[in-house]
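A.B. asks:
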Amino acid sequence: MEIEQPPLGFRTVIPCDLDRHFSIRLSMADNDASLRDNLVQLLRGGNAHVDVLSALKDFPPKLFGAKPQSVPHSAWELLEHMRIALRDLWEFSTNDAYVEKKWPDDYWPKTAEPPSNEAWQNSVRALKEDLEAFEDLIKNPDSNLYAQIPWGKKDQTLLREFLLAADHNSYHTGELVFLRRILGAWKG
3 MEIEQPPLGF
13 RTVIPCDLDR
23 HFSIRLSMAD
33 NDASLRDNLV
43 QLLRGGNAHV
53 DVLSALKDFP
63 PKLFGAKPQS
73 VPHSAWELLE
83 HMRIALRDLW
93 EFSTNDAYVE
103 KKWPDDYWPK
113 TAEPPSNEAW
123 QNSVRALKED
133 LEAFEDLIKN
143 PDSNLYAQIP
153 WGKKDQTLLR
163 EFLLAADHNS
173 YHTGELVFLR
183 RILGAWKG
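In my numbering, the protein residues as written are 3 to 190.
(1) Would residue 37 be called buried (16 or more neighbouring beta carbons within 10 Å of its own) or exposed?
(2) Run through DSSP, which three-state label would residue 150 get?
(3) How would you write the range of the alpha helix (DSSP H) that residue 71 sits in, first residue to last?
(4) Excluding five sequence neighbours on each side, which residues of the same chain lie with their C-beta closer than 6 Å to the C-beta of residue 177?
(5) So the candidates are 111, 99 and 33; which of them puts its Cα closest to the Cα of residue 154?
(6) With distance defined between alpha-carbon atoms, name the residue in 93, 46 and 131 nearest to residue 203.
(7) If contact is defined by three or more beta carbon pairs under 8 Å, each pair taking one atom from either stretch, is the stretch 160-167 in contact with the stretch 113-120?
(8) Nearest to residue 189 by alpha carbon, out of 83, 135, 57 and 41?
(9) Any idea what DSSP makes of residue 175, helix, strand or coil?
(10) Note down, one range per segment and in chain order, each alpha helix (DSSP H) of at least 4 residues found wholly within the stretch 74-105.
(11) The alpha helix (DSSP H) that contains residue 138, what's its start and end?
(12) Going straight from the alpha carbon of residue 25 to that of residue 35, what length do you get?
(13) To the nearest angstrom, report how far apart residue 44 and residue 148 are at their CA atoms.
(14) Which value, in whole angstroms, describes the spacing of the CA atoms of residue 62 and residue 78?
(15) So the candidates are 182, 107 and 138; which of them puts its Cα closest to the Cα of residue 87?
What follows is the structure, encoded as structure tokens:
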């Protein structure tokens with residue numbers, strides 16, 4: 003078989019029989035379960051990068067409020083922002099009486115340092131609980147991932163909210179790891 007050479011800058015396309023190479027055929031239920039499993043993994047993080055709970059694990063208390071020069075947020079600010087935003091996405095996704103928060107005031111803590119070590123631990127615990135609640139919602143086959151959230155705007159679906167939560171967590175987890183590296187508190 004002769005393969006046509008594509009114009010410069012284009013990928014070579016090799017004809018193939020997809021059924022022969024990808025002979026596993028899944029039912030719609032299997033596809034749905036697979037999608038839900040992948041969404042849970044995406045929300046947890048850890049496939050392509052460190053997960054948020056690992057990034058927070060053993061964070062030195064003396065560094066909770068540290069902000070090196072040119073770094074916009076402390077670990078406390080990032081943790082609280084992630085917790086608040088995840089809770090807000092959960093509330094929006096599940097509560098028909100949802101009240102929109104004011105951006106950015108309601109999404110960030112007022113101080114760079116937590117009021118106490120206990121406040122830090124409570125925030126980590128709440129973040130973990132909300133991640134688990136989102137995971138349960140994702141795994142529930144009765145949760146319609148594609149339906150518009152009745153109190154939302156066009157195209158605001160559970161799937162969109164899950165992806166938004168995962169994307170937001172991933173972004174700020176990267177910031178946490180980078181901050182820990184700058185502070186000399188990352189062994190990963």
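Every residue gets a Cβ at the ideal spot worked out from N, C-alpha and C, and that includes glycine.
C.D. replies: The short version:
(1) exposed
(2) Correct three-state label for residue 150: strand.
(3) Note, residue 71: premise wrong, no alpha helix (DSSP H); not H, not E.
(4) 80
(5) 99
(6) Because the chain here runs from 3 to 190, residue 203 falls outside it and cannot be looked at.
(7) no
(8) The shortest C-alpha separation from residue 189 is found at 57.
(9) The answer is helix: DSSP assigns residue 175 an H, G or I state.
(10) 77-96
(11) 119-141
(12) Note that residue 25 scores a pLDDT of 49, beneath 50, so its modelled location is shaky; the value from the coordinates is reported in the next line. Cα to Cα, the separation comes out at about 19 Å.
(13) When rounded, the separation of the alpha-carbon atoms in residue 44 and residue 148 is 17 Å.
(14) Using only the alpha carbons, I get a separation of about 11 Å.
(15) 107
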